[in-house]
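Heads up: the structure comes next, in structure tokens.
Number of protein chains: 2
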Amino acid sequence: MKKFVNRVDDVLTEALRGFGAAHRDLVAVKFDPTYVTRAKPTKVGKVALISGGGSGHEPLHAGFVGTGMLDAACPGAVFTSPTPDQMAAAAQAVNSGAGVLFVVKNYEGDVMNFEMATELLDFPHATVKTNDDVAVENSTYTTGRRGVAGTVIVEKIVGAAAEENRPLAALRELGDRVNGRTRSMGVALSSCTVPAAGKPTFELAGDEIEMGVGIHGEPGRRRVKHKPADDIAGEMMTAITGDLGAKAGSEVLLLVNGYGGTPAMELYLMFDAAKRVLDGKGLKITRSLVGNYCTSLEMAGCSLTVTALDAETTRLWDAPVHTAALRW
Amino acid sequence: MKKFVNRVDDVLTEALRGFGAAHRDLVAVKFDPTYVTRAKPTKVGKVALISGGGSGHEPLHAGFVGTGMLDAACPGAVFTSPTPDQMAAAAQAVNSGAGVLFVVKNYEGDVMNFEMATELLDFPHATVKTNDDVAVENSTYTTGRRGVAGTVIVEKIVGAAAEENRPLAALRELGDRVNGRTRSMGVALSSCTVPAAGKPTFELAGDEIEMGVGIHGEPGRRRVKHKPADDIAGEMMTAITGDLGAKAGSEVLLLVNGYGGTPAMELYLMFDAAKRVLDGKGLKITRSLVGNYCTSLEMAGCSLTVTALDAETTRLWDAPVHTAALRW
């Protein structure tokens, strides 16, 4: 295993310490229990937005802590759910009285631990579960669909709405609505190596790709021979748009998300390929995002996400955001 | 070779088409000859800032076209200098009468082609050559030191000054000054594959790393056994700070630049490691940047860059920027 590591047990602590130092104008990093908050306290009257999950998907979620997006993030060990005490401590720290909304990717460990955390809270709370991955119905770590890169879009749009001091129930409804209009699918060209494991999570032959891969390297739909980018994008976009069911003429956001080991050049080439599919279906790309947002360590591959937008969600997408990884 | 590609000959065209579509609010992409400009014309009175070089280093340079940074970028084929006609066409397109400043990374092909381009121009022009890489003195593709990730810092600071309508000579002087206060060094944990070559540029054994690697995978100082992150960062920072010669108490910008295949977690861990070295030398990190800014396709590895700041360069670093890859 060749990685920038000192002791495997210290990877997360050192990385979070570096993250906190590099972005000290934006965030504060706490240890024991571990969570990341904004540098400034939550405004009174504002619902606090919290997310979390296993590490290894950076910038998800700590990179999205800041004005217009999350109030706190709880990073677990690599590809491992954070613990209820982390989540409860983060919630206590950022609740300003208006309650907290948890955004949880649909994995059994995460869902269970966030539920346990809420039992420790004596103030209002609600949860939005994301499950945007159309690749598989049930999977290695889930009952139902997996929550993947579409979670970034939910966090951005709900985060903008939270800045407007909307009440908890309205934010949960908005989060469910955005998740319900979002579909994703991924593909892996290579595996990835969890530092503590020291060897690749799975093996792919030199000419194989994993269609529908999960963000922990868990199996997708099928393993196929490597094929041209247009064929890969075509298969993914057919699954996504077929499931989304947006009518011709609809406005959509297209996110091309790198898994950590794919050159920007290839992500933009995939954007071009995916756009041609959407153009052919009469879906209009009015907002775009291309880059590493929900990664799987150094996996080569990408996911495509399409969100059907309306006037309100477009406005909230465009609202100012100031985080380590998303800023405008 | 597993990459998101249709035909190898079309990689650059399709990627640039995707880039242009994803960022059509910011940039316009032209073909034959190929260059990228801002979506809006250069303001009258403003010197136009142009950079370029081989592709494969994205977001450098096209990702830095926009308000507060470049007016145009000329992407060559992968790891190949752009041609003089590209550069001259870009210069003609963005010159608003105040002339153009070229920012050129010190590689023989780039320097020669930019010089030939200037012979085609009938308006004022000047050039800043970047050579921030302390790893080697002369190298495979250079006489003198190589220009690497520090170029991003030169482009940001000079770009901000250009928005203030400073004259050409002052901008060149500023660019030379920032370059003169900037030092970088890189390390590769893996090779990378140029699409047209179809196989890795170089070979590294499973336990080897290349200290001082160039951004095309060209040799650095020495090939050594893989070692802890602190040792790698220590060797790089010793070379950088020794050459920079900034006094204790100086304010610096620290850039940890990923080469394309390194997880964000490891880049932040390297930030932490590099920061401890700077702390030990009494150098104060007042500005930070961590991410993939000057890549080598999907190479695993990173470079560290330190720029000694003063009040003026800090202010210009903080000035608004609105590009695909850098925005605040």
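Residue numbers (the numbering used here), protein chains in the order written: chain A, 1 to 328; chain B, 1 to 328. Glycine included, every Cβ here is placed at the ideal spot set by N, Cα and C.
Item                                                                                                                                                                                     : Value
Looking at Leu-168 of chain A: is its Cβ nearer than 8 Å to the Cβ of Ile-157 of chain A?                                                                                                : no
With DSSP run on the structure shown, which of helix, strand or coil describes Val-256 of chain B?                                                                                       : strand
In chain order, what residues of the same chain lie with their CB nearer than 8 Å to the CB of Leu-254 of chain B, ignoring the 5 residues before and after it?                          : Phe-271, Ala-274, Lys-275, Leu-278, Ile-285, Arg-287, Ser-288, Leu-289, Leu-304, Thr-305 and Val-306
First and last residue of the beta strand (DSSP E) that includes Thr-127 of chain A?                                                                                                     : 125-130
Which residues bound the alpha helix (DSSP H) around Thr-314 of chain B?                                                                                                                 : 311-318
What residues from the segment 245-279 of chain A come within 7 Å of chain B, judged by C-beta to C-beta, listed N to C?                                                                 : Gly-260, Gly-261, Thr-262, Pro-263, Ala-264, Met-265, Glu-266, Tyr-268, Leu-269, Met-270, Phe-271, Asp-272 and Lys-275
Using 8 Å as the Cβ pair cut-off and three pairs as the minimum, do the segment 317-326 of chain A and the segment 66-74 of chain A touch?                                               : yes
Does Pro-59 of chain A pass the burial test, meaning 16 or more other C-beta atoms within 10 Å, or should it be called exposed?                                                          : buried
Could you tell me whether any Cβ in chain A is nearer than 8 Å to the Cβ of Thr-295 of chain B?                                                                                          : yes
CB-CB under 8 Å to Val-27 of chain A, same chain, minus the five flanking residues each way: which ones, in chain order?                                                                 : Phe-19, Gly-20, Val-36, Thr-37, Arg-38, Ala-39, Ala-62, Val-65, Gly-66 and Ala-324
Are three or more beta carbon pairs between the segment 115-128 of chain B and the segment 82-90 of chain B nearer than 8 Å?                                                             : yes
Can you pull the chain A residues whose beta carbon is under 9 Å from the beta carbon of Ser-55 of chain B, in chain order?                                                              : Met-265
Less than 8 Å between CB atoms is the rule here; does Phe-64 of chain B satisfy it with respect to chain A?                                                                              : no
Taking buried to mean at least 16 other C-beta atoms within 10 Å of its own C-beta, is Val-44 of chain B buried or exposed?                                                              : exposed
Just confirm the distance between the C-beta atoms of Thr-262 of chain B and Gly-301 of chain B, as a whole number of angstroms; I'd bet it's less than 8 Å.                             : 6 Å
Say whether the segment 67-81 of chain A touches the segment 95-110 of chain A, bearing in mind that this needs 3 or more beta-carbon pairs closer than 8 Å, one atom from each stretch. : yes
In the segment 172-190 of chain B, which residues sit with their C-beta less than 8 Å from some C-beta in chain A, listed in chain order?                                                : Leu-189 and Ser-190
For a contact meaning CB atoms closer than 8 Å, what does Lys-2 of chain B contact in chain A?                                                                                           : Leu-189, Ser-190, Gly-206, Asp-207, Ile-209, His-226 and Ala-300
Go ahead and label Gly-242 of chain B buried or exposed: buried means 16 or more other beta carbons lie within 10 angstroms of its beta carbon, across all protein chains shown.         : exposed
How about Val-104 of chain A and Lys-129 of chain A: do their beta carbons lie closer than 8 Å?                                                                                          : yes
Drop a sphere of 10 angstroms on the beta-carbon of Trp-328 of chain B, count the other beta-carbons inside from all chains shown, and report buried for 16 or more, exposed for fewer.  : exposed
Hey, is Asn-6 of chain A's beta-carbon within less than 8 Å of any beta-carbon in chain B?                                                                                               : yes
Work out the CA separation of Pro-82 of chain B and Arg-222 of chain A for me, nearest whole Å.                                                                                          : 41 Å
If you check the beta carbons only, do Asn-179 of chain B and Val-154 of chain B fall under 8 Å apart?                                                                                   : yes
To which residues does DSSP link Lys-30 of chain A through a beta bridge?                                                                                                                : A:Tyr-35
Whole-angstrom Cβ separation of Ser-296 of chain A and Gly-260 of chain A, contact assumed at under 8 Å?                                                                                 : 6 Å
Of the residues B:Leu-171, B:Thr-143 and B:Thr-80, which one's Cα is nearest the Cα of Ile-50 of chain B?                                                                                : B:Leu-171
Go to Gly-242 of chain B, then tell me how far its alpha helix (DSSP H) extends in each direction, as first and last residue.                                                            : 229-244
With H, G and I counted as helix, E and B as strand and the rest as coil, what does DSSP make of Val-100 of chain B?                                                                     : strand
So, is the C-beta of Val-11 of chain A closer than 8 Å to a C-beta in chain B?                                                                                                           : yes
Who are the neighbours of Ala-19 of chain A on chain B, taking C-beta pairs under 7 Å?                                                                                                   : Per the sequence shown, residue 19 of chain A should be read as Phe rather than Ala. In chain order: Tyr-268.
Measuring only between beta-carbons, confirm whether Ile-240 of chain B sits less than 8 Å from chain C.                                                                                 : Looking at the structure shown, chain C is missing, and the protein chains on hand are A and B.
Under 9 Å between beta-carbons, which chain B residues line up against Val-290 of chain A? List them in chain order, please.                                                             : Gly-18, Phe-19, Ala-22, His-23 and Ala-324
Closer than 8 Å by beta-carbon distance: list the chain B residues that pair up with Asp-230 of chain A, in chain order.                                                                 : Asn-6
How long is the line joining the alpha carbons of Pro-219 of chain B and Pro-33 of chain A, rounded to whole angstroms?                                                                  : 44 Å
Would DSSP call Leu-70 of chain A helix, strand or coil?                                                                                                                                 : strand
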